[in-house]
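Participant: Input: one structure, supplied below.
Residue numbers (mature numbering (1 follows the signal peptide of the UniProt record, and there is no 0)): -17 to -1, 1 to 921.
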């Protein structure tokens, strides 16, 4: 509790929670809009939420620091079946509730879920104005949604029709494709059955006429649809065979490519009598296998495939999209014999009435086929089958009257504008284009009451629909004031005007009833651009969501925006993967690998098993992951993330400790007067800042983390820090040599903090508060992005430092793990570019305090152009070469060098630990000088 109080006080001190409102008040022309795809308000926050919200927050914080005014309004998707089902699961006798009672309970459930999720998002450090979010049940939102519906209806892009749709018997409503999930292990009862020929195709009459009666052979995984059969389809361009069964003597027609496999399944052999083209089957017809007197014509269709079955497809227009297309073309009936609960209706006949089509109804049809002598074989078939994504139960395809968006008339324009959108990763573009290509219509009506009503009225006696621009406008006005509850709460006389009825040729408002369909929740969220996005353009810079939204929110937003105003609602799409266990497995409560973000932050009941990591570990996990694939999380991943942050803290701690007593305004050393290695570090800092900035721009936050870790570990800790400790700890406090590296540390500290601030905002603000010369600073987020001076960029300086480092590696390698300070180094380079570069680091021949000696990390370094005449017998000699490449390759020179490492004869200085003292009890000359001045550390 005490820790939490201090944490809250810290956040208050640095203005953490007010950052969003502060930046919205800035006067700047640069704006960045990230439109929040609304999470569903039906459950507790999970790691999928964390991945998405933290990615968005990293993006927004980066843009705030870059000087942009960020527009980000968090939202929630509040309507729909999942919320309704969960709300009703808490109530006994839910089936007796009125629509208004259901809506009230659903709203209350959604509001509770929103508050839970909102609290978690705030704890994760997500920056927003949390008092002003958008909710899809807000009256103004609902009104704007209906305005988009209005525009699309006026353009003829929304219509009502009777056709097959995905239907959930368990929830009694139509579904969109985006509301399906596929069970790869679904087991169907597949059957092979025969349709006896009534009329032989004219071109085959001579072949079939003299033989015993022939039948077409059909395979289906959905026997329950056979009573609704209206035709058998063939592929015109494929070859078909007339075969004789050697077991029964019966003649069958099936695809030539499927003869052998079908015979094997039926455990028989087929003798091919004749082969023909698919087109030769034209004008033939069959007897329906279960309904006496019904004729099923043979019809051509391009959806017939040869990969499974017999190459002849049983066609039930009420239960298949392709079947319906065939029926429409040939004007066949589309009678549906199945009710909204998935039971056969009275029209199916007494043997099937009131039977569930996926259970006893299926069994009854198979028995009917068997009794009629039409069934050749039944077998279990495991395959991918669509399920209702919320009820987790199988769906059917069922014809019913629904409202549709005519995507066929929109998708070409949608594909054109999508091609102008930047999509990250680029592979997601093709996937979305393919999804659009396959989408011929979009069913937008749902048979529930928790949603935005489709503003249509129906004539009681005829069922004729009354909807026009005037009636929609009237409803919108009421919804904007009272919300969509008004549709159920108000009498029809207050929703439908007498004038509208008169114009439609009606007599009285009482002759009409309100429609009971609500809009698909993808239409709800897909019109969010119309309510949330500002300005005349109403276009976001970025939409950032999971890959499931390629067929969901990304697509519904694109379709509604293109339909209403012929442009995309976004300039950039960023698509991330799903969260999985740390072995790549799907998360499951039964497996026990579900990670709760609240437990990650606050710890579980047993802190030894589930330690409290804090919000920044959760954020680091998001940033370090390759989010464009599946994102792994688990105990090992989180522990590694904590260790990474601790290493970063150690780097920051070193810099913080060594800028104590330093004031950049008065103590900084100009770059031209710095040690060359310090100038080199500024050069690396400039390069690091540029790379990090570019990685943020590309939403490649894992690259930001890799750059940060590499720079802190290799460039700072392993290289720079190890070299400058002598200057920092042993030189006089105000010595320019010490101030030089302190200047670099101050710049490095500032740049490193800013570079990770969007990822680890809590740590960034904490460290910023401890910088000695920034005690009264506004904080890291209010003081801009990385400011690395272009004057720091000195490509030529790399050759001098990297050449010296190559020699250092030769030296350290030759003494293999021994204390380098126990040695003196002699470097021999023939006159040339490399020698001149080393001279810039050490002007005198021998030195213990030169820049070259600092890099070599020896007690003393000697630079020679000729090999010495005498060297001790215990000296180690290594040889090497270094390629100098200056002026972009215009100046190239390969130079050889020799490094001689020999034990130094002097004593160890008790202060600086270099072997430059006359005795072990007396400081070396440099340390004596510093101590004499009275300004150095003892």
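Ideal Cβ positions, reconstructed from N, Cα and C, are used throughout, including at glycine.
#1: Got a sec, what are the start and stop residues for the alpha helix (DSSP H) residue 548 sits in?
#2: Keeping to the same chain, check which residues put their C-beta closer than 7 Å to that of residue 293; ignore five residues upstream and five downstream.
#3: Of the residues 584, 644, 13 and 649, which one's Cα is nearest the Cα of residue 618?
#4: What first and last residue would you give for the beta strand (DSSP E) that runs through residue 386?
#5: Pull up the distance between the alpha-carbon of residue 736 and that of residue 569, whole angstroms please.
#6: Roughly how many angstroms separate the alpha carbons of residue 511 and residue 674, rounded to a whole number?
#7: How many Å lie between residue 654 and residue 730 at the Cα?
#8: Please state the DSSP three-state secondary structure of residue 432.
#9: Only counting the same chain, and skipping five residues up and downstream in sequence, which positions put a Cβ closer than 7 Å to that of residue 358?
#10: Quick check: the Cα distance between residue 126 and residue 82, rounded to an integer number of angstroms?
#11: By Cβ distance, which residues of its chain are closer than 6 Å to residue 658, with the 5 residues on each side in sequence left out?
#12: Taking residue 813 as the reference, give the member of 848, 797 and 798 with the closest Cα.
#13: Leaving out the 5 sequence neighbours to the left and right, which residues in its chain are closer than 7 Å to residue 492 when beta-carbon positions are compared?
#14: According to DSSP, is residue 366 part of a helix, a strand, or is it coil?
#15: Who pairs with residue 107 in a beta bridge, going by DSSP?
#16: Which of the three DSSP states is assigned to residue 730 in this structure?
#17: So what does DSSP say about residue 124, is it helix, strand or coil?
#18: Whole alpha helix (DSSP H) runs in the segment 768 to 855 with 4 or more residues, listed along the chain?
#19: Could you check how far apart the C-beta atoms of residue 190 and residue 268 are, in whole angstroms? I think they sit under 8 Å.
#20: Helix, strand or coil for residue 166 per DSSP?
#21: Let's see if you can read the secondary structure: which residues bound the beta strand (DSSP E) around residue 186?
#22: Which class does residue 471 belong to by DSSP, given the choice of helix, strand or coil?
#23: Span of the beta strand (DSSP E) holding residue 505?
#24: Tell me whether residue 925 sits in a helix, a strand or coil according to DSSP, three-state version.
#25: Alpha carbon to alpha carbon, how far is residue 545 from residue 87?
#26: With H, G and I counted as helix, E and B as strand and the rest as coil, what does DSSP make of residue 395?
#27: Am I right that residue 638 and residue 728 are in contact with their C-beta atoms under 8 Å? What's the rounded C-beta distance?
#28: At the level of alpha carbons, what is the spacing between residue 149 and residue 160?
#29: From residue 683 to residue 517, what distance separates their C-alpha atoms?
#30: Taking residue 373 and residue 156 to be in contact with their CB atoms under 8 Å, please state how far apart those CB atoms are, rounded to whole angstroms.
#31: Is residue 325 near residue 341, with beta carbons less than 8 Å apart?
#32: One question on the structure: do residue 622 and residue 614 come within less than 8 Å of each other, judged by their Cβ atoms?
#33: With a threshold of 16 other CB atoms inside 10 Å of the CB of residue 527, please say whether the residue is buried or exposed.
#34: Considering only DSSP beta bridges, list what residue 556 is partnered with.
#35: Kindly provide the ranges of any beta strand (DSSP E) runs that are 3 or more residues long and lie completely inside the segment 287 to 364, ordered along the chain.
#36: In three-state terms, what does DSSP make of residue 150?
Facilitator: In short:
#1: In the chain shown, residue 548 corresponds to position 565, counting from 1. Per DSSP, residue 548 belongs to the alpha helix (DSSP H) from 536 to 548.
#2: In the chain shown, the residue the question calls residue 293 occupies position 310. Result list for residue 293: 200, 201, 202, 237, 238, 241 and 245, in chain order.
#3: Indexing the chain shown from 1 puts residue 618 at position 635. Nearest option by C-alpha distance: 584.
#4: Position 403 of the chain shown, counted from the first residue, corresponds to residue 386. Element bounds for residue 386: 379 to 388.
#5: Here residue 736 refers to the residue found at position 753 of the chain shown. Here residue 569 refers to the residue found at position 586 of the chain shown. Cα to Cα, the separation comes out at about 35 Å.
#6: Locating residue 511 in the chain shown gives position 528, counting from the first residue. Locating residue 674 in the chain shown gives position 691, counting from the first residue. Computed Cα separation, rounded: 35 Å.
#7: Working through the chain shown from its first residue, we reach residue 654 at position 671. Working through the chain shown from its first residue, we reach residue 730 at position 747. CA-CA distance, residue 654 to residue 730, rounds to 12 Å.
#8: Along the chain shown, one-based indexing puts residue 432 at 449. Coil.
#9: Position 375 of the chain shown, counting from 1, holds the residue named residue 358. Answer for residue 358: 174, 176, 349 and 352, listed in chain order.
#10: Translated into the one-based positions of the chain shown, residue 126 becomes position 143. Translated into the one-based positions of the chain shown, residue 82 becomes position 99. Taking the straight line joining both Cα atoms gives about 20 Å.
#11: As a first step, residue 658 is located in the chain shown; it is residue number 675 there, counting from the start. Excluding sequence neighbours, residue 658 sits near 723 and 834.
#12: In the chain shown, the residue the question calls residue 813 occupies position 830. Just measuring C-alpha positions, the residue of 848, 797 and 798 sitting nearest residue 813 is 848.
#13: The residue labelled residue 492 in the question sits at position 509 within the chain shown. Only 475, 476, 479, 481 and 484 meet the Cβ criterion.
#14: Numbered from its first residue, the chain shown carries residue 366 at position 383. In the structure shown, residue 366 sits in a strand (DSSP, three-state: E or B).
#15: For the purposes of this step, residue 107 is taken as the residue at position 124 of the chain shown. BP columns for residue 107 are empty, so no partner.
#16: The residue labelled residue 730 in the question sits at position 747 within the chain shown. In the structure shown, residue 730 sits in a helix (DSSP, three-state: H, G or I).
#17: The count along the chain shown starts at 1 and reaches residue 124 at position 141. Of the three classes helix, strand and coil, the one that applies to residue 124 here is helix, per DSSP.
#18: 780 to 798, 816 to 824 and 834 to 839
#19: The residue labelled residue 190 in the question sits at position 207 within the chain shown. The residue labelled residue 268 in the question sits at position 285 within the chain shown. Actually they do not touch by this definition, with Cβ atoms about 17 Å apart.
#20: As a first step, residue 166 must be located in the chain shown, where it is residue number 183. Strand at residue 166.
#21: Counting from one through the chain shown, the residue named residue 186 turns up at place 203. For residue 186, no beta strand (DSSP E) encloses it, and the DSSP letter there is neither H nor E.
#22: Within the chain shown, numbered from 1, the residue matching residue 471 stands at position 488. DSSP places residue 471 in the helix class (H, G or I) of the three-state scheme.
#23: The count along the chain shown starts at 1 and reaches residue 505 at position 522. Annotation for residue 505: no beta strand (DSSP E) segment contains it, though the alpha helix (DSSP H) segment containing it runs 504 to 509.
#24: This structure cannot speak to residue 925, because the chain is shown only from -17 to 921.
#25: Position 562 of the chain shown, counted from the start, is the residue given in the question as residue 545. Position 104 of the chain shown, counted from the start, is the residue given in the question as residue 87. The alpha-carbon separation between residue 545 and residue 87 amounts to approximately 34 Å.
#26: Sequence index remark: in the chain shown, residue 395 carries index 412 (1-based). Helix at residue 395.
#27: As a working note, residue 638 is residue 655 in the chain shown. As a working note, residue 728 is residue 745 in the chain shown. Between the beta-carbon of residue 638 and that of residue 728 there is about 5 Å, and that keeps the pair under the 8 Å contact cut.
#28: As a working mapping, residue 149 is identified with position 166 in the chain shown. As a working mapping, residue 160 is identified with position 177 in the chain shown. Taking the straight line from one Cα to the other gives about 7 Å.
#29: Taking the chain shown and counting its residues from 1, one reaches residue 683 at position 700. Taking the chain shown and counting its residues from 1, one reaches residue 517 at position 534. Approximately 27 Å between the Cα atoms of the pair.
#30: Against the chain shown, residue 373 aligns to sequence position 390. Against the chain shown, residue 156 aligns to sequence position 173. Contact between residue 373 and residue 156 does not hold, since their C-beta atoms are separated by about 10 Å, which reaches or exceeds 8 Å.
#31: Here the question's residue 325 lines up with position 342 in the chain shown. Here the question's residue 341 lines up with position 358 in the chain shown. Cβ atoms of residue 325 and residue 341: closer than 8 Å.
#32: Numbered from 1 along the chain shown, position 639 holds the residue referred to as residue 622. Numbered from 1 along the chain shown, position 631 holds the residue referred to as residue 614. Not in contact: residue 622 and residue 614 (Cβ atoms no closer than 8 Å).
#33: Within the chain shown, numbered from 1, the residue matching residue 527 stands at position 544. Buried.
#34: The residue labelled residue 556 in the question sits at position 573 within the chain shown. In the DSSP output, where bridge partners are listed per residue, residue 556 has 406 and 526.
#35: 295 to 298
#36: By one-based count along the chain shown, residue 150 stands at place 167. Residue 150 falls in the strand class under three-state DSSP.
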